[in-house]
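Enquirer:
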Ligand code: SF4
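Residue numbers (my numbering): 298 to 520.
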């Protein structure tokens, strides 16, 4: 039975398949300054202080979403969903009237050489797949970069098929890692300097796995 995928793990996999394997198979974890900064920002976004309603929209933070269609089978938590009143929008359970659904995902740092990172966009595309499934809508999606305080609209209407193919390919590859139950080797050219698990990764050791070492020691009666 294929694994249901948590949206937040897609970025781990895109950043480095080995990191994904260490986190998801070995349950390894370690933080560095980048992880702590991102956590602090998300704690603030999710603390409820962003929830509000006025005559035009209802804003909710930390919204659970999912899509259990077999080609996706995803779940996750969106930083922020804005329900914007619109005559042609979708009916939202618990709200009067009709609304456009707008996803806003917060990121600490904007890239310097382009409008957005593809890995950020894919994470939000996965949220869109879930939001559209839950609310039967065609949601808009934005990235908000805290350092520049700018929202960037993501081109999902124009490039839906491209992002859909990318997402499905990633989901297949991620599920393959989980099925094989092996930590992938370090990718050629992988940059490791910003990785929070580099002290426990041993990137040069091809198939290193703490669990496998312990299990083989157990099998051999060494422990
Ligand atoms: S240290 Fe390098 S190879 Fe290891 S998980 Fe991090 S990015 Fe991947």
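Just so you know, even glycine gets a beta-carbon here, dropped at the ideal spot from N, CA and C.
Rounding to the nearest angstrom, what Cα-Cα distance links residue 345 and residue 375 in this structure?
Expert: Here residue 345 refers to the residue found at position 48 of the chain shown. Here residue 375 refers to the residue found at position 78 of the chain shown. One C-alpha to the other measures close to 13 angstroms.
Enquirer: Pick helix, strand or coil for residue 494, following the three-state DSSP scheme.
Expert: Here residue 494 refers to the residue found at position 197 when the chain shown is read from its first residue. Coil, per DSSP.
Enquirer: Taking a cut-off of 6 angstroms, which residues have a beta-carbon closer than that to any heavy atom of ligand 1, in chain order?
Expert: 313, 315, 316, 319, 483, 487, 489, 492, 494, 495, 498 and 500
Enquirer: Considering only the alpha carbon of each residue, which of 304, 333 and 334 lies closest to residue 321?
Expert: Taking the first residue of the chain shown as position 1, residue 321 is located at position 24. Nearest of 304, 333 and 334 to residue 321, Cα basis: 304.
Enquirer: Would you call the region 402-417 and the region 465-477 in contact, with 3 or more CB pairs under 8 angstroms?
Expert: The count of Cβ pairs closer than 8 angstroms, one atom from the region 402-417 and one from the region 465-477, stays below three, leaving the stretches out of contact.
Enquirer: Which one of 412, 397 and 483 has the shortest CA to CA distance from residue 432?
Expert: Taking the chain shown and counting its residues from 1, the one referred to as residue 432 is at position 135. Comparing alpha-carbon positions, the option among 412, 397 and 483 lying closest to residue 432 turns out to be 397.
Enquirer: Look at the alpha carbon of residue 384 and the alpha carbon of residue 395, and state the distance between them as a whole number of angstroms.
Expert: Taking the chain shown and counting its residues from 1, the one referred to as residue 384 is at position 87. Taking the chain shown and counting its residues from 1, the one referred to as residue 395 is at position 98. Cα to Cα, the separation comes out at about 6 angstroms.
Enquirer: Looking at residue 373 and residue 427, is the spacing between their C-beta atoms short of 8 angstroms?
Expert: In the chain shown, counting from the first residue as 1, residue 427 sits at position 130. In the chain shown, counting from the first residue as 1, residue 373 sits at position 76. The answer is yes: Cβ separation under 8 angstroms.
Enquirer: Assuming residue 422 and residue 449 make a contact with CB atoms under 8 angstroms, what is their CB distance in whole Å?
Expert: Locating residue 422 in the chain shown gives position 125, where the first residue counts as 1. Locating residue 449 in the chain shown gives position 152, where the first residue counts as 1. Actually they do not touch by this definition, with Cβ atoms about 14 angstroms apart.
Enquirer: Alpha carbon to alpha carbon, how far is residue 315 from residue 459? Give it in angstroms, no decimals.
Expert: Residue numbering aside, residue 459 sits at position 162 when the chain shown is read from its first letter. Residue numbering aside, residue 315 sits at position 18 when the chain shown is read from its first letter. Approximately 25 angstroms, taken between the alpha carbons.
Enquirer: Under three-state DSSP, which class holds residue 304?
Expert: Stepping through the chain shown from its first residue, residue 304 is reached at position 7. Coil, per DSSP.
Enquirer: Between which two residues does the alpha helix (DSSP H) harbouring residue 317 extend?
Expert: Within the chain shown, residue 317 is the residue found at index 20, counting from 1. Where residue 317 is concerned, the enclosing alpha helix (DSSP H) stretches over 314-321.
Enquirer: In three-state DSSP terms, what is residue 462?
Expert: Here residue 462 corresponds to residue number 165 of the chain shown, with the count starting at 1. In this structure, residue 462 counts as helix in the three-state DSSP scheme.
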